[in-house]
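S.K.: First to last, the protein sequences are chains A and B.
Position in the first sequence (from 1) plus 90 gives the number in the numbering used here.
Position in the second sequence (from 1) plus 9 gives the number in the numbering used here.
Virtual Cβ for every residue (Gly too), placed ideally from N, Cα, C.
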Amino acid sequence: MSELTMNTAMDALVFGDFQIPHSENNEYLTLQFSPSFGPRQKRWRNYGLSADFLGDYFAAFFPGTALPDSAINQQDTVKGAISYIANELLENAIKYTDESLVTPISISLYLQEDLITFRVVNHANESTANSYIDFVQRIITAEDIDALYTAQLEKAALGEGQSSMGLLTMIGDYQAQFAWRFTPDPSHHGAMVVDVLAYLKV
Amino acid sequence: METVSTIQTEDFTAHYDPTENTVFLKGFLRLNGIEAYQPVMDLLLSALDQAPACIVDLSGLEFLNSSGISMLSMFVVRVRDRGDIALTFRGSNQVLWQTRSLKNLKRLMPTLTIEFAD
């Protein structure tokens, strides 16, 4: 049970090592989006451009040093990994957000030496949050994450419902570590605040 | 039905070249969910009816989101289930997502060929 912590004091469900970095001593950026504002398709393109911006911004802190077993240098590796992960986290937040709540989505990136922490916060209705929690539990209890990856890839290939390939590619292909906190939303009955942390070693 | 052989948007291009039996995907592909990929999927599938071998050139595809990876997995399984087509994915070892995620598609079809160029 070491990876699964139930914090009942605040009625929050916490999975994984949920440590929000301090903002004082770190370089960080936060972008906030209002999903109910503006045409959906135009907004969708903005999320991708934002993910690219975050990749460019944080990659600038890293040198273009060659990496072993790769034709891509460190700076471009950081850039590619950040833009992929930021984009997937944003896409997930959009998919899981209950637009009727008119609540914002935020993404923050913190840089601490060789660790980049992504934090994404959105508001979801309870049933959406619960299906997300179910999948989180499958991930953290999976004995073989590669086997789960393959099973979900096959599921995606057959078009059989939610495959959650976003999460699985971030974990399997980019070695991102995750922590989640689900808290009842005090201002919207039946809604939950979904708070996701992704840690990327660079 | 007339087959569309080129899709071009502000962010990406998908093009089928019958002389090389090759579908080229270029640019940034991050469409909103697997349904939005149907036109690209149709273009890929149209290449299968033209020759016993099919190449998908991804080397110019700088970004593909997970829905796009799901689309590629769908395509691979369609090819696998037909059983009569040699499929090659041509990638670039300069593009991070390709070096990280492409090889996993072989889990669906071990005979899939993946070639990386500089």
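#1: Return the residues of the region 151-166 of chain A that lie within a Cβ-Cβ distance of less than 9 Å from chain B, sorted by chain order.
#2: In whole angstroms, what is the alpha-carbon distance linking B/Val-104 and B/Glu-71?
#3: Going by alpha carbons, who is nearest to A/His-213 out of A/Val-168, A/Ser-124, A/Met-260, A/Thr-259?
#4: Who does B/Phe-125 pair with in a DSSP beta bridge?
#5: Within its chain, find whatever has a CB closer than 7 Å to the CB of B/Pro-48; leave out the 5 residues flanking it on each side and keep chain order.
#6: List the residues that DSSP assigns as beta-bridge partners of A/Thr-273.
#7: Who are B/Gly-36's beta bridge partners in DSSP?
#8: One question on the structure: do A/Phe-151 and A/Arg-271 come within less than 8 Å of each other, judged by their Cβ atoms?
#9: Between which two residues does the beta strand (DSSP E) carrying A/Tyr-118 extend?
#10: Using 8 Å as the threshold, is the C-beta distance between A/Tyr-289 and A/Gln-267 below it?
#11: With distances taken between CB atoms, is the gap from A/Leu-144 to A/Ser-113 smaller than 8 Å?
#12: Using a C-beta cutoff of 8 Å, does A/Tyr-174 count as contacting chain B?
#13: Taking all protein chains shown into account, do 16 or more other C-beta atoms lie within 10 angstroms of the C-beta of B/Gln-107, making it buried, or fewer, making it exposed?
#14: What residues in the region 84-110 of chain B bring their beta carbon closer than 8 Å to a beta carbon of chain A?
#15: Where do the N-terminal and C-terminal ends of the alpha helix (DSSP H) with B/Gln-47 fall, by residue?
#16: Can a CB atom of chain B be found closer than 8 Å to the CB of A/Tyr-289?
#17: Excluding sequence positions up to five away, which residues of its chain have a Cβ less than 7 Å from the Cβ of B/Val-13?
#18: Return no unless some Cβ of chain A is closer than 8 Å to the Cβ of B/Asp-127.
#19: Determine the burial state of A/Arg-130: buried for a count of at least 16 other Cβ atoms within 10 Å of its Cβ, exposed for fewer.
#20: Apart from the five residues on each side of it in sequence, which residues of its chain come closer than 6 Å, Cβ to Cβ, to B/Ser-110?
#21: Cutting at 6 Å between CB atoms, please list the residues of its own chain near A/Asp-285, excluding the five before and the five after it.
#22: What is the C-beta distance between A/Ile-195 and A/Ala-176, in whole angstroms, given that I count them as a contact (C-beta under 8 Å)?
#23: Please name the residues in the region 115-131 of chain A whose beta-carbon is closer than 9 Å to at least one beta-carbon of chain B, in chain order.
#24: May I have the straight-line CA-CA distance separating A/Gly-170 from A/Met-282, to the nearest angstrom?
#25: Applying the criterion that 16 or more other CB atoms from any shown protein chain within 10 Å of the CB defines a buried residue, is A/Gly-106 buried or exposed?
#26: Tell me where the beta strand (DSSP E) around A/Phe-208 begins and ends.
#27: Mind checking A/Ser-277: buried by the 16 CB within 10 Å criterion, or exposed?
#28: Could you pull out every residue in the same chain whose Cβ sits closer than 8 Å to the Cβ of A/Ser-126, ignoring the five residues on either side in sequence?
#29: Among residues of its own chain, excluding the 5 on either side of A/Asp-101, which ones have a beta-carbon nearer than 8 Å to its beta-carbon?
#30: Verify the CB distance criterion: does B/Leu-53 have a CB-CB separation below 8 Å to chain A?
M.R.: Taking the definition as stated:
#1: Here the close residues are Ser-160, Ala-161, Ile-162, Asp-166.
#2: Rounded to whole angstroms, the gap between the alpha carbons of B/Val-104 and B/Glu-71 is 6 Å.
#3: Cα-wise, what sits closest to A/His-213 is A/Ser-124.
#4: DSSP lists B/Gly-100 as partners of B/Phe-125.
#5: Around B/Pro-48: Ile-16.
#6: Bridge partners of A/Thr-273: A/Val-283.
#7: Answer is B/Phe-21, B/Leu-70, bridged to B/Gly-36.
#8: The answer is no: Cβ separation not under 8 Å.
#9: Counting along the chain, the beta strand (DSSP E) containing A/Tyr-118 begins and ends at 117-123.
#10: In contact: A/Tyr-289 and A/Gln-267 (Cβ atoms closer than 8 Å).
#11: No, the pair does not count as a contact, with Cβ atoms beyond the cut-off.
#12: So yes, A/Tyr-174 belongs to the interface.
#13: Here B/Gln-107 is buried, its C-beta having at least 16 other C-beta atoms within 10 Å.
#14: For the region 84-110 of chain B, which is checked against every Cβ of chain A, the residues closer than 8 Å are Val-85, Val-86, Asn-102, Gln-103, Val-104, Leu-105, Trp-106, Thr-108, Arg-109, Ser-110.
#15: Element bounds for B/Gln-47: 47-57.
#16: Not closer than 8 Å to any Cβ of chain B, the Cβ of A/Tyr-289 fails to qualify, so no.
#17: For B/Val-13, where only same-chain residues beyond five positions count, the Cβ hits under 7 Å are Leu-52.
#18: By this cut-off, B/Asp-127 is an interface position.
#19: Exposed: under 16 other Cβ atoms inside 10 Å.
#20: Ile-78, listed in sequence order.
#21: Within the same chain, Val-211, Arg-271 come within 6 Å of A/Asp-285 by CB-CB distance, once the 5 residues on both sides are set aside.
#22: A/Ile-195 to A/Ala-176, Cβ: 12 Å. No contact.
#23: Residues Arg-130, Gln-131.
#24: Distance from the CA of A/Gly-170 to the CA of A/Met-282, rounded to the nearest whole angstrom, comes to 31 Å.
#25: A/Gly-106 is buried by the Cβ-count criterion.
#26: That run of the beta strand (DSSP E) goes 205-215.
#27: Exposed, by the Cβ-count rule.
#28: Correct list, in chain order: Glu-189, Val-192.
#29: Around A/Asp-101: Thr-273, Pro-274.
#30: Answer no: the Cβ-Cβ gap between B/Leu-53 and chain A never drops below 8 Å.
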